[in-house]
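For the sequence shown, this note's numbering begins at 7 and goes up steadily by one. Note that the Cβ used here is the ideal one computed from N, Cα and C, for glycine as well. Each remark here refers to the structure printed beneath this line.
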Amino acid sequence: MRVRTAFAWGLLGLSAWGVVRAQRSFREYPAIEYGDFPVPSDWNQKTDWTRARLRYPDITGYPTYQPRYRGGGLFPGYWTMDYPRSDRHLLEGVRRLTRIDTRSVEPVVDLDGTDDIYNWPMLYAVEVGHWLLPDQEARQLREYLLRGGFLMVDDFHGVEEWDIFVNSMKKVFPERPIVEIENSDPIFHTLYDLDERFQVPGAQYFWSGRTYEHGGVVPHWRAIYDDRGRIMVAICHNMDLGDAWEHSDNPRYPEKWASLAYRIAMNYFVYDLTH
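Here is the structure:
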């Protein structure tokens with residue numbers, strides 16, 4: 007019943023956001039980890055919902071300046087970490103675990119001053135311990151969130167990356183605190199009850215044997231709320247859900263971590279569609 011309710015709200019929300027705006031055509035970008043990941047057959051299917059990935063400027067100078075990396079190639083930006091394998095595994099999971107009508111490819115969106123971002127009620131930003139939002143992009147992100155948008159951030163670790171994330175987020179909401187999400191919050195109980203959560207490590211576990219990175223030993227589920235008590239920004243700090251989705255088909259990656267990563271995502275998506 008909860009998923010049916012989420013689906014109904016999703017239809018209403020999307021009709022309010024996107025009916026008068028033309029969505030941009032799907033395109034792929036150069037990525038840090040993947041250059042030829044197969045495009046799913048449903049890439050052009052018209053569906054009721056999908057999760058968008060945010061393309062943002064970062065501390066390396068991307069996209070204005072792209073330094074050379076890894077043998078001379080241009081750095082494609084931290085926003086591409088795990089892209090697109092993580093996105094496509096996750097969106098396949100949405101189809102299996104819920105009744106949300108989605109396709110298996112990820113729209114990539116920019117805070118570029120156009121209306122395109124308002125076609126997508128759910129944004130995901132990865133490696134935000136490296137982002138560097140200009141004032142105009144921070145202003146548009148603020149408007150997007152206050153209009154009812156939802157941002158989920160993931161895969162950043164330790165104090166230094168936290169401070170970089172906060173420096174840009176303070177441009178978005180200087181007046182709103184970042185707080186720990188209480189276990190009783192509906193976001194942990196929309197589809198699955200997630201009172202027992204634990205750190206979800208990235209693929210670095212394969213060679214390090216550690217579940218944490220950059221001293222970020224304690225995982226935090228944090229948020230920024232609007233005036234009505236709705237979570238606008240869901241912050242997954244000291245964990246790497248993106249790697250868990252990316253490697254969910256890898257027998258070396260423990261199932262318990264991948265399962266929690268999927269359950270968190272499903273709860274966050276259903277929460278966004280019902281709140």
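Assuming residue i contacts residue j (C-beta within less than 8 Å), just tell me the rounded distance between them.
i, j, result
"PHE194", "ASN244", "The Cβ separation is near 17 Å, so there is no contact."
"ALA271", "LEU247", "7 Å"
"GLY235", "ASP161", "So it is not a contact: roughly 27 Å between Cβ atoms."
"PRO192", "TYR268", "Actually they do not touch by this definition, with Cβ atoms about 19 Å apart."
Measure the Cβ-Cβ separation of residue i and residue j and say whether it is below 9 Å.
i, j, result
"ILE123", "THR86", "no"
"ASP107", "THR196", "no"
"ALA5", "ARG59", "With the chain running from 7 to 281 in the structure shown, residue 5 is simply not present."
"ASP118", "GLU149", "no"
"LEU157", "VAL239", "yes"
"GLY155", "LEU129", "yes"
"LEU139", "VAL178", "yes"
"TRP227", "GLU202", "no"
"SER174", "TRP137", "yes"
Ignore the nearest five residues each way along the sequence and tell me which others in residue i's own chain have a CB closer than 8 Å to its CB.
i, result
"VAL172", "ILE184"
"VAL111", "PHE32, VAL45, PRO46, ASP48, TRP49, THR56, PRO90, ASP93, ARG94, LEU97"
"GLU166", "GLY135, HIS220"
"ASP255", "HIS95"
Going by beta carbon distance, what residues of the same chain come within less than 6 Å of residue i, once the five residues before and after it are set aside?
i, result
"PRO36", "PRO82"
"ILE170", "GLY135"
"GLN146", "LEU117"
"GLN205", "THR217, PRO225, MET245"
Do you know offhand how far residue i's Cα is from residue j's?
i, j, result
"ILE237", "SER190", "13 Å"
"VAL114", "GLU188", "31 Å"
"ILE65", "THR104", "37 Å"
"TYR62", "ILE241", "17 Å"
"LEU200", "ASP232", "22 Å"
"ARG182", "GLY164", "22 Å"
"ARG258", "PHE212", "8 Å"
"GLY19", "ARG76", "Per-residue confidence for GLY19 stands at a pLDDT of 44, beneath the threshold of 50, marking its modelled position as unreliable; the derived number appears in the next sentence. Computed Cα separation, rounded: 42 Å."
"TRP168", "ASP42", "32 Å"
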